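This report refers to the structure that appears directly beneath it.
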Amino acid sequence: MSFDRILCLANSYKHDHRCVAGISLVTKKWVRLVGRQVPGCLTVKETCYADGKQAALLDVFEAELGENCGSNCHPEDVFVTGEVWRMVRRFDNPRDARYLADYVNKGPAILQGYGDRVYARKIDGFPVDKSLELIHPEDLWWWIRDESGKRKNRAIFRAGHVSRTRYDLAVTDPAWLDQLKLLPAGIYPHAFFFKDKPAKTFLTVSLSEPFDGFHYKLVAGVVYLPS
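Mind the numbering: the sequence shown is residues 926 to 1152 in the numbering used here, read in order.
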């Protein structure tokens, strides 16, 4: 058991529960926190501080970690103990933005390639070295659509400075989805949400666990800092 200070870069939906991930400010590596009540997930209660508030993106919090429990598709996974997390500070000043920039993937390929998914068989035979990446997107749009009465929310953006690869990924960040729920179906430029308050935006992209033969790439965190 050991205590760690973690910069929260994702607190996303995972089934009916949560997936919390971020960067350890102790080891400088990505971690994904896993509880023992639900396999591979955290309950909402497990993501809360003593006052009942959930850990938010750009919170730095202290958590007690147990043993590693990484898998072929999620090598960063580590168990948390039952100790309640403690909020330390917000990570939102100019120096913090520069720190985040060091973790940004500057290439066009995201998590094993250029598509929105990876074959599960591929990862069964060749474990990935990471399942989380921080992206500084360009030409970012939000696509809200209704399919057979079910609402879909997608992030459309470009990555990389050479190939200009465009991605179209599902969004699982609850806080950002709450904003999208207020809007009718359509495609919205990212600037629409900030008006006269420009923000520097990063996306935390996560590889899902296997589903119907694939691991999907998800926008698990929409991280924005005032410019």
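Even glycine gets a Cβ: it sits at the ideal position worked out from N, Cα and C.
Values in this document were obtained by computation on a predicted structure and should not be read as measured data.
Same chain, Cβ closer than 6 Å to residue i, neighbours up to 5 away in sequence not counted
i	result
residue 1065	1082, 1115
residue 1080	1094, 1096, 1144
residue 1063	1083
residue 1028	1059
residue 1016	932, 983, 985
Reduced DSSP secondary structure (H/G/I, E/B, other) of residue i
i	result
residue 1024	helix
residue 1090	strand
residue 1047	helix
residue 1213	In this structure the chain extends from 926 to 1152, so residue 1213 is not present and cannot be described.
residue 1132	strand
residue 1059	strand
residue 1000	coil
residue 1151	strand
residue 1100	helix
residue 967	strand
residue 1105	helix
In DSSP terms, what residue i is bridged to
i	result
residue 1012	986
residue 974	1010
residue 1068	1079, 1112
residue 947	933, 956
residue 1085	Answer is none; residue 1085 lacks a bridge partner.
residue 961	Beta-bridge pairing links residue 961 to no other residue.
residue 942	939
residue 1141	1042
Neighbourhood of residue i by C-beta, 8 Å cutoff - its chain only, sequence neighbours within 5 removed
i	result
residue 1030	1058, 1059, 1060, 1084
residue 928	987, 988, 989, 990
residue 1000	1052, 1053, 1054, 1055, 1056
residue 868	With the chain running from 926 to 1152 in the structure shown, residue 868 is simply not present.
Separation of residue j from residue i, as counted between CA atoms
i	j	result
residue 937	residue 968	11 Å
residue 950	residue 930	6 Å
residue 1132	residue 932	19 Å
residue 1135	residue 1128	21 Å
residue 1098	residue 934	10 Å
residue 941	residue 964	12 Å
residue 997	residue 1092	24 Å
residue 978	residue 954	25 Å
residue 1106	residue 1008	34 Å
residue 948	residue 1024	11 Å
residue 1013	residue 976	13 Å
residue 994	residue 966	12 Å
Sequence-distant residues of its chain with Cβ nearer than 7 Å to residue i (five each side left out)
i	result
residue 1124	1149, 1150, 1151, 1152
residue 1102	1078, 1096
residue 1037	1043, 1053
residue 923	The first residue shown for the chain is 926 and the last is 1152, placing residue 923 beyond what the model contains.
residue 961	1004
residue 956	931, 946, 947, 949, 1001, 1003
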